[in-house]
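To convert, count from 1 in the sequence shown and add 35; that's the numbering used here.
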Amino acid sequence: MIRLFRVSNFRCLESAELTLSSDFNLIYGANASGKTSLLEALAYLGRGKSFRGASTTNLVQHGREEFVLFGQVDGLARTRSLGVRNSRAGLEVRVDGDSEGGAAALAEALPLQVIDPEVHNLVAGGPEQRRRFLDWVAFHVEQDHLLAWRRFRRALKQRNAALRAKSGPATIHSWNAEFVTLSGELDESRRRSLDVALESLAGFGLDLLGTELGFEYQQGWSKGRELADVLEEGLERDLQMGATQHGPHRADLKISYDEKQARKLVSRGQQKLLASAMILAATETAQTALERPLLLLLDDPAAELDAESLERLMSGVARLGCQVVATSLEPGLPGTPVGAALFHVEHGVLTVIQAPEDSP
Ligand SMILES: Nc1ncnc2c1ncn2[C@@H]1O[C@H](COP(=O)(O)OP(=O)(O)O)[C@@H](O)[C@H]1O
Ligand SMILES: [Mg+2]
């Protein structure tokens, strides 16, 4: 969780310093005042990239050369300093002064999740977001997931390069064995992580939607078949496409629910609730694995939700016991605990309305 945050020249935020509550923080302000910008800056400090998929160049305040973010983060045993600077020279990341670890070091020091008005895409959008969701859980639950993921990516790139170069079957073949081994490692790691998360997924599904949800990992090639055989059979098509058509890079997370729920899920609000249940479950799973509270960013949670749905979401959030930074148009949000820190933002300028009670 993050205790002190400084931001300068990030989108519309010129310069701000915030002492945050370890519990609940609410940022309120009119449209286009800078609420999302603040959450995006916080997320950037924990990820080294935008959660909206915005390019880093567009995040620098117009007319400025660079943005700088700084945070003091409470870890398991000690406080750590996180710094990010983006200038023409590129992105600079520091954790306790060390620039070696890059974005992965930020993610380890400040693990966070985001629920924003686009969250429904986790359910309604393509498989890539669900893979990223599952990989995020695995990254925190499985010691070696990042390594497995990186090694697999490298093997995939090499195999695809060989396909594009129209290399002979012998060369492609020589890549297959390693590709299959690394696919297996990534696959196993994701499956184990999903197993760990299932109880939380079911729990928050019940809390937020009042229904039983099922989650099944789809590996990215035909069920019950050996990837080696599938690659063998698909070689011609792979050569045609210049890319590997089967493997964990094509995996998905299949969500199942009853018919009644399926009918409801045409609504954006219900999609948002389902996606939010998944995010809360992922957060809980990572919290348990890491044995410390995570940071949850809620950008305009009220959007698309009726009063009852918003109540359900916010009581789910409260049950998590994580650090929350939420935004809203009004200075209140259902489920805001007494003693929550309150900040107002206007034209990119932040004012403390109520300081955190637990500030050091
Ligand atoms: N790079 C930038 N430099 C300056 N202002 C920006 C930049 N990017 C976005 N903005 C402005 O920031 C303002 C606040 O946006 P946002 O944080 O999304 O507001 P809110 O979430 O409060 O509605 C918008 O008016 C937008 O035009
Ligand atoms: Mg906004």
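Beta carbons: idealized from backbone N, C-alpha and C, even for Gly.
Give the range of the beta strand (DSSP E) segment to which residue i is assigned.
i, result
"Glu339", "Element bounds for Glu339: n/a, residue is neither H nor E."
"Leu368", "That residue, Leu368, is in no beta strand (DSSP E); it is neither H nor E in DSSP."
"Leu145", "Segment: none, Leu145 is in no beta strand (DSSP E) and carries neither H nor E."
"His379", "376-381"
"Leu48", "48-54"
"Gln164", "Counting along the chain, Gln164 falls outside any beta strand (DSSP E), though it belongs to the alpha helix (DSSP H) covering 162-176."
"Asn156", "Run containing Asn156: none in the beta strand (DSSP E); it sits in the alpha helix (DSSP H), 156-159."
"Gly81", "Element bounds for Gly81: not the beta strand (DSSP E) but the alpha helix (DSSP H), 70-82."
"Arg41", "37-45"
"Phe250", "249-253"
"Arg120", "114-122"
"Asn60", "59-63"
"Leu330", "330-333"
Specify, as a first and last residue, the run of the alpha helix (DSSP H) that residue i falls within.
i, result
"Ala232", "204-244"
"Val95", "Looking at the DSSP string, Val95 is not in any alpha helix (DSSP H), and its letter there is neither H nor E."
"Gln322", "303-325"
"Glu101", "Glu101 -> no alpha helix (DSSP H), and no H or E assigned at all."
"Asp133", "Element bounds for Asp133: n/a, residue is neither H nor E."
"Arg285", "No alpha helix (DSSP H) contains Arg285, which DSSP labels as neither H nor E."
"Gln275", "270-276"
How would you label residue i, buried or exposed, when you count the other beta carbons within 10 angstroms and need 16 or more for buried?
i, result
"Ser218", "buried"
"Ala317", "buried"
"Phe92", "In the sequence on display, residue 92 carries Thr and not Phe. Exposed, since its Cβ has fewer than 16 Cβ neighbours within 10 Å."
"Asn60", "buried"
"Lys258", "exposed"
"Ala337", "buried"
"Arg38", "buried"
"Gly110", "exposed"
"Val373", "exposed"
"Leu74", "buried"
"Val352", "buried"
"Gln305", "buried"
"Pro391", "buried"
"Leu300", "buried"
"Glu177", "buried"
"Ile62", "buried"
"Arg46", "buried"
"His97", "exposed"
"Ala89", "exposed"
"Ala183", "buried"
"Ile290", "buried"
"Val387", "exposed"
"Ser350", "exposed"
Does at least one heavy atom of ligand 2 sit under 6 Å from the Cβ of residue i?
i, result
"Lys289", "no"
"Lys70", "yes"
Could you name the residues of the same chain whose beta carbon sits closer than 8 Å to that of residue i, not counting the 5 residues immediately before and after it, in chain order?
i, result
"Trp256", "Leu262, Val265, His281, Gly282, Arg285"
"Ala140", "Val128, Val130, Asp133"
"Met276", "Leu198"
"Val154", "Lys307, Ala310, Ser311, Ile314"
"Glu365", "Tyr63"
Once you ignore the five residues that flank residue i on each side, which residues in its own chain have a CB closer than 7 Å to its CB?
i, result
"Val95", "Asn44, Glu101, Phe102, Asn121"
"Thr323", "none"
"Gln296", "Leu244, Thr246"
"Pro328", "Met36, Gln322, Gly356, Cys357, Gln358"
"Arg115", "Val108, Val130, Asp131, Ala144"
"Leu221", "Ala183, Trp184, Phe187, Pro283"
"Ala232", "Val172, Ala316, Ala317, Thr320"
"Leu229", "Leu169, Phe250, Tyr252"
Between residue i and chain C, is the shortest Cβ-Cβ distance under 7 Å, so that the two count as touching?
i, result
"Leu274", "Any reference to chain C falls outside this structure, which holds one protein chain only."
To which residues of the same chain is residue i closer than 6 Å at the C-beta, ignoring the five residues directly before and after it?
i, result
"Arg186", "Leu217"
"Leu48", "Val42, Gly69, Ser72, Gly383"
"Leu53", "Phe40"
"Ile150", "Ser311, Ile314, Leu333"
Check whether the Cβ of residue i sits closer than 6 Å to any heavy atom of ligand 1, and report yes or no.
i, result
"Arg123", "no"
"Arg120", "no"
"Arg46", "yes"
"Gln96", "yes"
"Asn66", "yes"
Original post:
Between the segment 306-314 and the segment 145-161, are three or more C-beta pairs nearer than 8 Å?
Top reply: yes
**OP:** Decide if the segment 106-113 is in contact with the segment 127-146; the criterion is three or more beta carbon pairs, one per stretch, under 8 Å apart.
**Re:** Under the three-pair Cβ rule at 8 Å, the segment 106-113 counts as touching the segment 127-146.
Original post:
Quick check: the segment 160-173 against the segment 316-331, are there 3 or more CB pairs under 8 Å?
Top reply: yes
Subject >> Three-pair Cβ contact test at 8 Å for the segment 80-90 versus the segment 337-346 >> reply: no
**OP:** Examine the Cβ distances between the segment 209-216 and the segment 233-247 and report whether three or more of them are shorter than 8 Å.
**Re:** Because the criterion of three Cβ pairs below 8 Å is not met, the segment 209-216 and the segment 233-247 do not touch.
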